[in-house]
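Just below is one structure, and these are the notes that go with it.
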Amino acid sequence: MTSTIRAVIFDWGGTLTPWHDIDLFSQWYAYAEFYDPADASGLAQRLLDAELDRWRVLRETKGAESTGALDAMFVGLGIDVTSALHLRALGNYLDFWAPHTIADPEAAPLLNELRAIGLKIGVLSNTMWPRSHHQEVFMRDDLIDLIDAAAYTSEMPVAKPHEEAFRSIAGSLGVEPAECVFVGDRLWDDIHGAQQAGMRAILIPHSNLPAVQVPDDSAMPDAVAYRLGEVLTIIRAWREDGSSRA
Ligand SMILES: [Mg+2]
Numbered sequence: 159m160t161s162t163i164r165a166v167i168f169d170w171g172g173t174l175t176p177w178h179d180i181d182l183f184s185q186w187y188a189y190a191e192f193y194d195p196a197d198a199s200g201l202a203q204r205l206l207d208a209e210l211d212r213w214r215v216l217r218e219t220k221g222a223e224s225t226g227a228l229d230a231m232f233v234g235l236g237i238d239v240t241s242a243l244h245l246r247a248l249g250n251y252l253d254f255w256a257p258h259t260i261a262d263p264e265a266a267p268l269l270n271e272l273r274a275i276g277l278k279i280g281v282l283s284n285t286m287w288p289r290s291h292h293q294e295v296f297m298r299d300d301l302i303d304l305i306d307a308a309a310y311t312s313e314m315p316v317a318k319p320h321e322e323a324f325r326s327i328a329g330s331l332g333v334e335p336a337e338c339v340f341v342g343d344r345l346w347d348d349i350h351g352a353q354q355a356g357m358r359a360i361l362i363p364h365s366n367l368p369a370v371q372v373p374d375d376s377a378m379p380d381a382v383a384y385r386l387g388e389v390l391t392i393i394r395a396w397r398e399d400g401s402s403r404a
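Throughout the sequence shown, residue numbering follows the numbering used here, covering 159 to 404 in sequence.
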């Protein structure tokens, strides 16, 4: 039995934004060169190690343990997150990221079209960033008013692919998981996770994921969109199929 589709939930990085290869050491060097110029490389490496360790725990627990938030990681390394120095360094880190967070040009038109056919829009991102960083990015790219609810795992005890992460965003949208379509670029976190929560899943296979971030578990997406805009065509077809069967 096919449920009516009432919501579309998007992954963020590599899905609503085009995939960029990021040098993970350089992002932390951008922070460290402000926070501790005398030992910038050392601090950047400690931040990188701490970050990778948190993502490793997430993978090994299949999302039953989230990464936690950036602030917790900074505090764990003895950084004073209330200091002006930290805020300046964090600003430089965010400036490093800014060009890599720009939305796919097809994102706003797609979200507008999906809303026009009565669908709710959600975002579910595995992220250490606080909600405020993501909101600034969505505001800059004129997406903020097109998103009905967003869930960030920096605020959650679990993360994708844990099914509770998917249930949580469905609940925020006021719909059942079976009424949701999930769109993401990772077979394990996004596609496998969404399907085990009872959602249909569309894969955007454009990300050049680092091998270490791709566990063996694989999944078969319900559909593949080679451009973000193709999501509309796929969902329209599913809705027509559903109504003709009803
Ligand atoms: Mg992604």
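Note that CB positions come from ideal geometry on N, CA and C, so glycine has one too.
Residues near residue i by beta carbon distance below 8 Å, same chain, minus five either side
i	result
G387	E264, P267, L268
V312	One point to set straight first is that residue 312 is Ser, not Val, in the sequence displayed. Once the five neighbours on either side are set aside, the close Cβ partners of S312 are S224, T225, G226, A227, L228, T285, M286, W287, P288, R289.
L243	F192, Y193
Other residues of its chain near residue i: CB distance less than 6 Å, five sequence neighbours each side excluded
i	result
A359	F340, I349, A352, Q353, P379, D380
S330	A307
I167	G280, L282, I327, C338, F340
Neighbourhood of residue i by C-beta distance below 7 Å, restricted to the same chain and skipping five residues each side
i	result
R246	F192
L390	L268, E271, L272
G276	none
D347	N284, K318, P319
F296	I302, I305
D204	Going by the sequence as given, residue 204 is Arg instead of Asp. Cβ within range, chain order: L235.
For residue i, three-class secondary structure by DSSP
i	result
I305	coil
V295	helix
| field | Residue list, Cβ distance to ligand 1 heavy atoms smaller than 6 Å | value | D169, G171, G172, T173, G342, D343, R344
| task | Mind listing, in chain order, the continuous alpha helix (DSSP H) runs of no fewer than 4 residues lying wholly within the region 324 to 397? | result | 351 to 354
| Below 8 Å, can you find three or more Cβ-Cβ pairs linking the region 177 to 193 to the region 279 to 291? | no
| Could you give the uninterrupted runs of the alpha helix (DSSP H) lying entirely in the region 227 to 285, keeping only those of 4 residues or more? | Listed in chain order, the complete alpha helix (DSSP H) runs (minimum 4 residues) inside the region 227 to 285 are 228 to 234, 242 to 255, 265 to 274.
| field | Sufficient close CB pairs (3 or more, under 8 Å) joining the region 302 to 320 to the region 268 to 286 | value | Counting C-beta pairs with one atom in each stretch, the region 302 to 320 and the region 268 to 286 have three or more that are closer than 8 Å, which means they touch.
| query | If you pair each beta-carbon of the region 173 to 182 with each one of the region 192 to 201, do three or more pairs fall below 8 Å? | reply | no
| request: Would you list, in sequence order, the uninterrupted alpha helix (DSSP H) runs of no fewer than 4 residues that lie entirely inside the region 162 to 227? | output: 182 to 193, 198 to 218
| said: Under 8 Å, with one C-beta from each stretch per pair, do the region 206 to 215 and the region 230 to 242 reach the 3-pair mark? | reply: yes
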